[in-house]
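Following: one structure in structure tokens, then a few remarks.
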Amino acid sequence: MAGHSKWANIQHRKGRQDEKRGKIWTRIIREITVAARAGGGDLGTNPRLRLAVDRAKAANMPADRVKYNIDKATGNQEGVTYEEIRYEGYGIGGAAILVVTMTDNKVRTVAEVRHAFSKHGGNMGTAGSVAFQFKHCGQLIFAPGTNEDKVMDVALEAGAEDVITDEEGAIEVLTSYADFEAVKNALEAAGLKPEVAEVTMRAENPIELSGEDAAKMQRLLDVLEDLDDVQAIYHNAEMDSE
Numbered sequence: 018m019a020g021h022s023k024w025a026n027i028q029h030r031k032g033r034q035d036e037k038r039g040k041i042w043t044r045i046i047r048e049i050t051v052a053a054r055a056g057g058g059d060l061g062t063n064p065r066l067r068l069a070v071d072r073a074k075a076a077n078m079p080a081d082r083v084k085y086n087i088d089k090a091t092g093n094q095e096g097v098t099y100e101e102i103r104y105e106g107y108g109i110g111g112a113a114i115l116v117v118t119m120t121d122n123k124v125r126t127v128a129e130v131r132h133a134f135s136k137h138g139g140n141m142g143t144a145g146s147v148a149f150q151f152k153h154c155g156q157l158i159f160a161p162g163t164n165e166d167k168v169m170d171v172a173l174e175a176g177a178e179d180v181i182t183d184e185e186g187a188i189e190v191l192t193s194y195a196d197f198e199a200v201k202n203a204l205e206a207a208g209l210k211p212e213v214a215e216v217t218m219r220a221e222n223p224i225e226l227s228g229e230d231a232a233k234m235q236r237l238l239d240v241l242e243d244l245d246d247v248q249a250i251y252h253n254a255e256m257d258s259e
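FYI, the numbering for the sequence shown is 18 to 259, going by the working numbering.
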């Protein structure tokens with residue numbers, strides 16, 4: 018299926034994430050902690066923890082540090098208790114934004130998130146105000162030039178829900194949360210290495226922003242991203258990268 022061009026947006030996002038590598042380990046440790054505490058420390062029975070450990074490996078986190086944080090979350094070691102809280106709001110041009118946080122002080126966190134929205138042209142919404150515009154799913158994206166027929170054959174055989182090719186030739190594979198690992202493993206076993214492989218909240222109805230609106234939206238996202246308690250941000254804005 019043909020889809021809207023998003024390759025430039027993907028590369029832009031990855032570049033900005035690469036600039037913030039100093040915060041990646043902190044966020045992964047929080048995710049490991051929450052996942053292990055919620056579902057136990059056994060990777061075989063806790064898919065959320067398994068994905069967090071995969072992220073840790075991709076970020077070159079030492080195995081002993083990963084193990085320490087799993088043990089800390091599931092054992093009796095004293096430590097900070099994090100709570101996962103999601104906030105919803107609107108950005109420039111009415112763009113939908115989901116902000117996922119992990120915090121030990123939700124009063125502080127909601128104040129910081131609300132301040133970021135209000136100071137940079139956005140508005141905090143109520144629970145459920147924009148979440149319906151996103152789908153919780155697995156997403157794998159392959160660079161232009163990847164063999165589309167091979168990706169489609171392997172992905173659909175492994176249980177993928179859809180395969181979408183954009184105007185620039187980037188290929189997006191969508192899966193259910195439950196089937197993400199099976200599809201990812203099948204594609205990698207076939208020699209198909211995705212540029213992006215994650216469980217995400219995928220925007221169902223993207224809106225395009227350009228010029229000053231795109232710049233304002235990026236500033237708002239950057240401020241939210243820089244908040245210590247923020248784990249992930251999802252939005253439906255497709256912005257030019259100029």
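All C-beta atoms, glycine included, are put in the ideal place defined by N, C-alpha and C.
Residue nearest to G106 in terms of C-alpha spacing, selected from Y194, I45, Q150 and E212: Q150
Proximity winner among R47, M119, A172 and K123, relative to G208 (alpha-carbon distances): A172
CA nearest to the CA of R47, picked from S227, P223, H137 and T118: T118
Segment limits, alpha helix (DSSP H) that includes E229: G228 to E242
Span of the beta strand (DSSP E) around V213: V213 to A220
The segment 223 to 230 in contact with the segment 247 to 256 per 3-pair CB rule at 8 Å: yes
Reference L191; option with closest CA among E174, A206, E184 and E185: E174
Touching by the beta-carbon criterion (3+ pairs, under 8 Å), the segment 155 to 171 and the segment 181 to 201: yes
Residues of its chain near G20, where Cβ-Cβ distance is below 6 Å and the 5 sequence neighbours each way are ignored: Only weak support is given to the placement of G20: the predicted model assigns it a pLDDT of 43, under 50, and the value that follows is read from those uncertain coordinates. Hits under 6 Å: I181 and D183.
Extent of the continuous beta strand (DSSP E) run through A175: From DSSP, A175 is part of no beta strand (DSSP E) but of the alpha helix (DSSP H) over E165 to A175.
7 Å Cβ shell around A199 - same chain, five flanking residues per side excluded: A175 and G176
Inter-residue Cα distance where the pair is D81 and K74: 11 Å
Proximity below 9 Å, CB of M141 to CB of Y104: yes
Contiguous beta strand (DSSP E) assignments of at least 3 residues, all confined to the segment 85 to 172: 100 to 107, 113 to 120 and 151 to 159
contact_flag[the segment 108 to 118, the segment 228 to 244] where n(CB pairs < 8 Å) is 3 or more: yes
Three-state class that DSSP yields for A76 in the structure shown: coil
Counted within 10 angstroms of its Cβ, other Cβ atoms place G58 as buried (16 or more) or exposed: buried
Buried/exposed call for T43, threshold 16 Cβ in 10 Å: exposed
Which of helix, strand or coil DSSP assigns to T182: strand
Local Cβ density within 10 Å of D246, reported as buried at 16 or more and exposed below that: buried
Cα-Cα separation between T91 and E229, rounded to whole angstroms: 47 Å
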